[in-house]
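Going by UniProt numbering, the residue at position 177 of the sequence shown is 177; the numbering climbs one at a time, nothing skipped.
All C-beta atoms, glycine included, are put in the ideal place defined by N, C-alpha and C.
Down below is the structure, laid out as structure tokens.
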Amino acid sequence: MTPRQIEAFREVVLQGSLTAAALTLNISQPAVSRMIRDMTEEVGFALFERHKGRMRPTGPALMLFQEVERSFVGLDQIRQAAVQIQQLESGRLRVAAMPVLGSFLLPEASDRFLGANPTVAFHIEVHSSPMIVQLLREQQVDIGFVQSDMVPLYVAPERRIHFDGPCVCAFHRDHPFAEKEVISLGDLDGESVIELNKQSVINRKLNTLCNNHGVNIGRRLQVSWFQLACNFVARGHGVAIVDLLSATYYRDPNFVYRPIQFPINYEFDLMYPPISSVNPLAKSFVEEVISLMPREVSVQRVEGY
1 MTPRQIEAFR EVVLQGSLTA AALTLNISQP AVSRMIRDMT EEVGFALFER HKGRMRPTGP
61 ALMLFQEVER SFVGLDQIRQ AAVQIQQLES GRLRVAAMPV LGSFLLPEAS DRFLGANPTV
121 AFHIEVHSSP MIVQLLREQQ VDIGFVQSDM VPLYVAPERR IHFDGPCVCA FHRDHPFAEK
181 EVISLGDLDG ESVIELNKQS VINRKLNTLC NNHGVNIGRR LQVSWFQLAC NFVARGHGVA
241 IVDLLSATYY RDPNFVYRPI QFPINYEFDL MYPPISSVNP LAKSFVEEVI SLMPREVSVQ
301 RVEGY
């Protein structure tokens, strides 16, 4: 049985016609008929029967077709891989980030990167930190930005860049806090504080500090990520403790923030895949990201990475 016979068999099943199969394969109809006849002799059972002017596969032929389709799916995957490799040769970068970075800083960094690399195929997606770690492990992305406490222990120092930045207190411009230069933990007593989700490091740190110092805060609103907190703040629905990046890049005239006097930082890491070599384009993109970081955010990395 030849590959060409199998291809002809597949097309006749799909098209229901010898003529249509011949057109698809760009060969003559007699050539298709001959290949089907030869294949029928080889397999030892009828492949098709004529029904109302069409070629209808027999039961055994349909079973054989299922096996043929599996082979063709494999070939399609090989073709897709070849296209991806071709893109990689001409330049491709895949980035995954937490919502806080994907919504604020990375769009600007991406704009700069694409301006300097107009032929590069660029893909960016936003996920939770655990999902990003999984994508990195499976080598589905070249760079991942994750919450620091989610970085697996097996990640080598040269495979990550650590960022550590302060948090700030955000509030509506008409809030009494606007008269203050800095916000203390005691200032939050009795305030309605917009909570981040229970998994948030900032949320856990704030709750611990409040419990230890007897500060009672209202918790009427809970949101899943920083941009939502900023949106509610700008509409006067409370105050929020957010990372400096979100506060710096959030654009709304009603949104104001001040430094805080209590120790809450926001830490995240840039990670490379744990096995494969670092994509050279990734380093260029990383430099754009670092250049946009507020000066208050510290950057720790192994030299050369």
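Buried or exposed for residue i, please, with buried defined as at least 16 other CB atoms from any protein chain shown within 10 angstroms of its CB.
i    : result
N211 : exposed
G44  : exposed
R159 : buried
A178 : exposed
Y154 : exposed
Q147 : buried
D243 : buried
S200 : buried
V215 : buried
L105 : buried
P30  : exposed
L270 : buried
Once DSSP output is grouped into helix, strand and coil, what is the label at residue i?
i    : result
E191 : coil
S298 : strand
P259 : strand
P152 : coil
A46  : coil
H123 : strand
H213 : helix
G144 : strand
F163 : strand
Please go through the same chain and pick out, in chain order, the residues whose beta-carbon is closer than 6 angstroms to the beta-carbon of residue i, but skip the five residues on each side of it.
i    : result
R220 : S192
Q222 : E195
V289 : A109
V302 : P157, E158
V95  : I124, I143
N197 : S224
A234 : D252, N254, F255
P60  : F45
State the Cα-Cα distance for the pair residue i and residue j, rounded to the nearest angstrom.
i    : j    : result
L14  : S71  : 15 angstroms
F65  : R10  : 7 angstroms
A170 : E287 : 28 angstroms
I6   : F285 : 47 angstroms
V16  : E42  : It is worth fixing the name first, because residue 16 is Gly in this sequence and not Val. Distance between the alpha carbons of G16 and E42 is about 21 angstroms.
H163 : A240 : Note on identity: in this sequence residue 163 is Phe, with His being the wrong assignment. Each residue's Cα considered, the two are about 21 angstroms apart.
R295 : S246 : 14 angstroms
A8   : L93  : 39 angstroms
S291 : N26  : 56 angstroms
Give every residue of the same chain whose Cβ lies closer than 8 angstroms to the Cβ of residue i, excluding the five residues on either side of it in the sequence, and list them in chain order.
i           : result
residue 306 : Past the boundaries of the shown model lies residue 306; the chain is included only from 1 to 305, so the question cannot be answered.
Below 7 angstroms CB to CB, which residues in the same chain sit around residue i once its five sequence neighbours on both sides are set aside?
i    : result
K205 : I264
M35  : R4, Q5, A8
T40  : A46, L47
Review point. Looking at C-beta atoms only, is the number of pairs between the region 226 to 246 and the region 100 to 107 that lie closer than 8 angstroms three or more?
Key: yes
Point to revise | At least 3 beta-carbon pairs within less than 8 angstroms: the region 139 to 155 vs the region 275 to 292 | key: yes
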